[in-house]
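The next block holds one structure in the form of structure tokens; read it before the comments.
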Amino acid sequence: MKLRYIIFLSFFLLCFTGCYDHDEIDSLANVTAVGIEEEGFTFAIADTGSFSGEGDKGTESSIICIFSKSDNIENAIEEANSKISKKLSFSHLSAIIVSDYSAKEGIYDTVDYFEGMPDVRPQVLIAVSDIKPSLYLENLKPSLEVNTEKYFLSLFQKDSSYIPVLKMSDYTNSVKCSKDVIAPLITKTFGDDKSDGESTFLLGAVVLRNGKMCFECDDMVTLGLLNSTKNVVLDYQNQKYIINAEKAPTLTAKLNGEKPVVNIHLDVSNKNGIFTDGKYIEERIESYLKKVSEFGYDIFGFSDLLKKSFRTIQSYEKYNWQKSIVNCDYNVEVKISDGK
Amino acid sequence: MYIGEKETKWLFVTLIMSRVFVNGIKIFAEISGLLGVVFGLLCSGFMIFYFWIIDKIENVSANNFFDVMKISYGKTAAIFIGAALALISLFNASMRLKMFLSAVTDIILPDSPEAFVAIFFVIAIFAVSFLGLESLTRYALPTGVVIVALVLFTGIFNLENYRFSNIFPLMGNGYKMSKNVPDGIFLFSDIIYLYFLTGFFKKKHAIKRVWLKSVVLSGALITVVIGLYQLAVPYPASIGFDYPYFRLASLANTSVLFQRIDAVVYIIWLFSGFVSTGALALFTMIIFAENFDMSDYKGIIHIVIFLIIAFSALDKNYFNLLSNVFTLAVLIFIPVTAILYRFKALSRRKNNEA
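Protein chains in written order, with the numbering used here: chain A, 1 to 340; chain B, 341 to 694.
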């Protein structure tokens with residue numbers, strides 16, 4: 001009987017399999033953001049020593065940036081590790097900031113490398129910066145949110161205002177599935193003021209096809225209304241209105257002969273009840289969709305809707321959606337309510 | 341010493357699901373679309389049909405399968421066939437060990453050598469062998485229940501990632517289904533071991549219920565997992581992951597508390613790996629002992645473990661080939677035995693009447 005107990009207890013030994021290549025927490029440098037630019041890579045490491053307060057409300061947060069001049073991420077990590085006293089850990093990575101130059105050249109290899117790391121989460125956000133990411137990250141000094149990992153997540157995933165979001169998993173899926181995705185285009189102001197350190201500005205969105213930036217979207221109203229139920233600011237006759245889609249738009253797509261037709265029904269809520277020109281939004285969305293599809297881009301994923309019209313993947317691929325979208329017709333119907 | 345029906349059912353669910361957690365559902369993702377999900381149901385349906393057919397030919401499930409073999413092939417031939425079955429089972433256990441060693445070193449312990457991880461699997465096999473089948477089935481019951489809970493939670497925490505458009509076109513890669521039929525069926529192949537455990541049940545007909553319940557339950561779980569994976573990861577990106585279930589788990593991001601569900605998956609999956617590798621090694625010993633009328637298999641534990649480790653050094657590609665050949669051989673062998681048994685039993689009856 002004693003032997004049985006010993007054998008049973010030896011089962012608990014199995015829990016120690018993870019001890020072989022363990023890293024102590026104080027020997028790790030937690031990278032919260034990575035910058036990708038033409039000259040190399042920037043690793044933004046959370047300076048945990050600067051957390052002087054409790055929880056999220058510390059007095060000051062700082063990011064230590066390590067720049068690595070290298071043409072691929074693997075070498076860059078190696079070089080950065082040799083420069084600092086701790087080992088880079090990417091388990092808290094929350095954002096990848098890409099320069100517009102690198103975004104145009106393509107960042108798939110780098111993102112795919114991170115995707116292959118078991119400790120990196122697929123929810124890591126990707127944003128394109130119109131200034132060099134090294135400059136952006138070095139000047140970023142969040143004061144309202146000392147946890148830099150949380151700073152990026154809160155910045156891009158606001159509950160109220162619409163900001164285009166691109167997750168790492170969506171990016172890699174888009175390359176594998178030959179689909180178009182949008183990423184936020186951001187910038188930053190520089191100065192000694194605390195607000196300068198905290199703020200990041202959204203300039204718009206960019207379209208990525210096959211992992212490369214190929215188009216800039218300027219109509220955030222259309223993007224916001226069709227992609228989310230969050231607030232967007234509408235400039236109309238020199239007035240600013242805050243509107244939002246009450247619920248996700250009802251989308252249907254069918255084939256009229258060889259020509260795709262997309263029908264969109266949208267319930268727009270206008271919280272202060274002043275904006276009533278639904279026709280204007282209809283025309284704006286319709287003309288923007290036409291403009292984007294003339295370039296052959298499908299940024300709202302209408303191709304997914306059209307898949308229902310095909311029985312097999314082979315017949316869908318034969319149809320060649322990317323060529324057909326150029327002739328796509330859109331019927332947009334907008335209903336405005338006062339949101340009460 | 342007898343084993344309980346409920347416990348054995350969960351042991352086989354654990355055995356089947358342990359493969360699903362590694363890379364088992366990749367074949368269904370390849371078919372893609374709604375057809376991929378339906379294919380999961382069809383494969384489990386086939387295994388139920390398979391059992392029903394054999395049972396219709398002759399009620400071999402009610403007898404000790406080794407006695408059935410002796411009547412079907414004669415004593416001497418049965419011993420050789422039994423030895424071949426033990427060898428196949430040995431390879432199967434090695435394959436399972438190899439599968440888990442590769443997966444563990446790929447995703448959990450990338451810097452450690454396979455030999456280090458193998459030590460823990462050897463401990464698991466030793467523990468399972470000494471504790472015996474009864475203790476193993478008792479241990480499998482909570483493991484199985486936790487697996488069900490894991491699938492359920494993975495499904496719930498991934499709600500925001502589901503896109504219904506991913507199941508279209510409905511027929512997906514329809515033509516790939518024919519290519520993947522054997523692999524889909526082989527996913528359930530561990531259930532065949534039930535035939536060799538007939539002697540461990542108090543009621544001889546229990547195997548029918550255990551077979552049916554295990555296949556239905558694991559079939560339902562597999563179908564759910566395929567469905568969730570298809571909804572969360574679009575085709576063809578879905579076939580690019582070596583460990584689909586981990587992908588599904590790592591996508592879960594419901595709240596701060598549950599954002600690292602993949603870590604929970606590691607633990608449960610690892611334990612299902614220990615249980616399944618230990619179980620297959622134990623089944624090998626049981627087959628060997630029953631075949632050679634040994635009163636106890638404990639004397640061969642160290643030899644079996646040594647051989648399992650030695651075979652696991654084989655190349656991965658050989659394993660895939662051997663796995664399919666062996667499973668097919670056993671799948672054909674059982675109905676052939678049943679047919680022969682029926683004829684022999686009939687002729688015996690006639691002789692007795694004469």
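Note that CB positions come from ideal geometry on N, CA and C, so glycine has one too.
According to the DSSP assignment, A:Tyr236 belongs to the beta strand (DSSP E) that extends over Val232 to Tyr236. Within 8 Å of the CB of B:Arg503, the CB atoms of chain A belong to Asp304, in sequence order along the chain. Around A:Lys247, the same chain offers Thr229 and Asp267 as residues with beta carbons nearer than 8 Å, after the five sequence neighbours per side are excluded.
At a cut-off of 8 Å between beta-carbon atoms, A:Ser89 makes no contact with chain B. The beta-bridge partner set that DSSP reports for A:Glu216 consists of A:Val206.
With a threshold of 8 Å between beta carbons, B:Asn404 makes no contact with chain A. The region 253 to 293 of chain A is shown to contain whole beta strand (DSSP E) runs of 3 or more residues at 259 to 270, in chain order.
Taking a C-beta distance under 8 Å as the contact criterion, B:Leu476 and B:Val485 do not qualify as a contact pair. Contact annotation: the region 569 to 579 of chain B does not touch the region 396 to 405 of chain B, with fewer than three C-beta pairs closer than 8 Å. Scanning chain A for C-beta atoms nearer than 8 Å to the C-beta of B:Phe508 yields Asp304, Lys307, Lys308 and Phe310, reported in chain order. When the Cα atoms are used, B:Ser687 and B:Ile640 turn out to be separated by approximately 38 Å. For A:Asn244, DSSP records a beta bridge to A:Ser269. Against A:Pro122, the close residues of chain B are Ser590 and Leu591, in the order they occur along the chain (beta-carbon pairs closer than 7 Å). Rounded to the nearest whole angstrom, the CA to CA distance from A:Thr222 to A:Ala80 is 42 Å. Chain B places a beta carbon closer than 8 Å to that of A:Ile313, counting this residue as a contact.
Here A:His92 is buried: its Cβ has 16 or more other Cβ atoms, across all protein chains shown, within 10 Å. Any Cβ of chain B closer than 8 Å to the Cβ of A:Ser169 would place that residue at the interface, and such an atom is present.
By the criterion of a C-beta distance shorter than 6 Å, B:Ile525 is surrounded in its chain by Cys383 and Phe386, once the five residues flanking it on both sides are discounted. Secondary structure at B:Tyr535: helix, using DSSP grouped into helix, strand and coil.
Rounded to whole angstroms, the gap between the alpha carbons of A:Ile73 and A:Ala95 is 15 Å. As far as DSSP is concerned, A:Pro122 takes part in no beta bridge. Two segments are said to touch when three or more pairs of C-beta atoms, one from each, lie closer than 8 Å; by this definition the region 270 to 285 of chain A does not touch the region 144 to 154 of chain A. By the Cβ test, the region 496 to 506 of chain B is not in contact with the region 353 to 365 of chain B, since fewer than three Cβ pairs between them sit closer than 8 Å. For B:Asn513, the neighbours in chain A by C-beta distance under 8 Å run, in chain order, Thr312, Ile313 and Gln314. For A:Pro184, the enclosing beta strand (DSSP E) stretches over residues Asp180 to Thr187. The Cβ atoms of A:Asn238 and A:Ser269 do not sit closer than 8 Å to each other. Nearest C-alpha to A:Ile281 among A:Leu203, A:Phe190, A:Glu294 and A:Ile242: A:Ile242.
A Cβ-Cβ separation of about 27 Å leaves B:Leu561 out of contact with B:Val665 under the 8 Å criterion.
In terms of beta-carbon proximity, B:Gly639 stays away from the interface with chain A, with every pair separated by 8 Å or more. Neighbours of B:Tyr575 in chain A, taken as residues at a C-beta separation under 8 Å, are given in chain order as Cys177 and Ile313.
In the three-state scheme derived from DSSP, where H, G and I count as helix and E and B as strand, B:Glu474 is classed as helix. Take B:Ile448, set aside five residues on each side of it, and the residues of its chain with a beta-carbon closer than 6 Å to its own are Tyr606, in chain order.
The C-beta distance from A:Lys132 to A:Glu37 rounds to 5 Å, short enough to meet the 8 Å contact threshold. Secondary structure at A:Phe302: helix, using DSSP grouped into helix, strand and coil.
Cβ contact annotation for A:Lys254 (same chain, cutoff 7 Å, sequence separation greater than five): Val261 and Ser309, in chain order. Distance from B:Leu437 to B:Ile566 at the Cβ level is roughly 26 Å; contact not present, criterion being Cβ atoms closer than 8 Å.
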